[in-house]
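Residues 24 to 296 in my numbering are what the sequence shown lists, from first letter to last. Each remark here refers to the structure printed beneath this line.
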Amino acid sequence: MRPSLFNKILCEKQLLLPPLSGYTDYPFRVILAGFHPPFIITEMANARAILQKNRRTMQILTITEGDHYNGVQLVGSIPEYMRKAAEVVEGFGFDYIDINMGCTARKIACRGEGVGLMKQEQRACEIVKAVSDAVDLPVTCKLRLGPSKHAINVLSFSNNLVDAGAVALTIHGRTGEKKFGVPLDLDVIRTTVASLSVPVIANGGISTGVEAEMMIQKTGAAAVMPGRGLLGNPWLIPEILCRLSHQPYISPRLDQKKDVCRTHLALLESFYG
């Protein structure tokens, strides 16, 4: 998939699905595929574990069939490992690669991975360059406003990531120390959007089509990425797509919800045993 095609579809559909660790596994991605999003992405996959062929990690790399493009999110802090892992996942048939620079889990951040990379700007840029040079795929990054409220560096950080090869950026509207429920700082996202030459996907606090539309209006972002609002509610996909394309949205009936639940249960049993 060429970067130009990725960005064309992204700007047309204005929706990118999230990599949610522990949630967007293969069975759930199959469910999501049934709602026809333009892109579907895995939960984060550790680069070192990919190279070690860890069983659980290799399960993450299962491709979902459908009329969408498949992305994989890599997490790591060593450029060489990230480069080699990127080459592996390209061979699996993924269409784009996202680099995790936003995970706040202590075990991730303490290793200098996830949001920990936002404290290591040079290392982060080395990773993006290593990955983008190694594969013929679009490379994106998911990040936050900064590692803490005292170090909001997303403006310079994101511009340097673009210089290193990132073709689009997802920006979550909180810093690394702020958890769910804390108000988003959309002004910082808007300022960053205005400074960049690539599409920005705004993330955080999106659980309805109206909230998706408001996020784009308030930030100027090219697209949105819902997060936890998608859990238990894959109908959020058509709700957002309809809202952003000014089409009517019909809420699912109870029997339709039950059918999806049964299908998900069957997929879980089949995949995990």
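For each residue, glycine too, the CB sits at the ideal point set by N, CA and C.
Buried or exposed: which applies to residue i, given that a residue is buried once 16 or more other Cβ atoms fall within 10 Å of its Cβ?
i    : result
D302 : In this structure the chain extends from 24 to 296, so residue 302 is not present and cannot be described.
R197 : buried
E88  : exposed
H269 : exposed
P271 : exposed
I273 : exposed
Taking the continuous beta strand (DSSP E) assigned at residue i, which residues delimit it?
i    : result
G94  : 92-98
H195 : 191-195
I63  : 62-69
M248 : 246-248
D121 : 119-124
K165 : 162-166
Which residue's Cα is closest to the Cα of residue i: the options?
i    : options                : result
G135 : R106, P102, P42, E113  : P102
G99  : A235, C126, L192       : C126
C34  : P206, T286, P170, V190 : V190
M141 : S171, R213, K31        : S171
N69  : Q145, I120, L38        : I120
Is residue i helix, strand or coil when you go by DSSP?
i    : result
I224 : strand
A174 : strand
Y104 : helix
N182 : helix
L38  : strand
S268 : coil
M141 : helix
L209 : helix
Can you tell me the Cβ-Cβ gap for residue i and residue j, rounded? I've got them flagged as a contact below 8 Å.
i    : j    : result
F180 : L160 : So it is not a contact: roughly 22 Å between Cβ atoms.
Q37  : A225 : Rounded, the Cβ-Cβ distance is 10 Å, inconsistent with contact.
With a cut-off of 8 Å, does the C-beta of residue i fall near any C-beta of chain D?
i   : result
G89 : Looking at the structure shown, chain D is missing, and only one protein chain is on hand.
In the DSSP assignment, the alpha helix (DSSP H) including residue i goes from what residue to what residue?
i    : result
M238 : 232-242
T286 : 277-295
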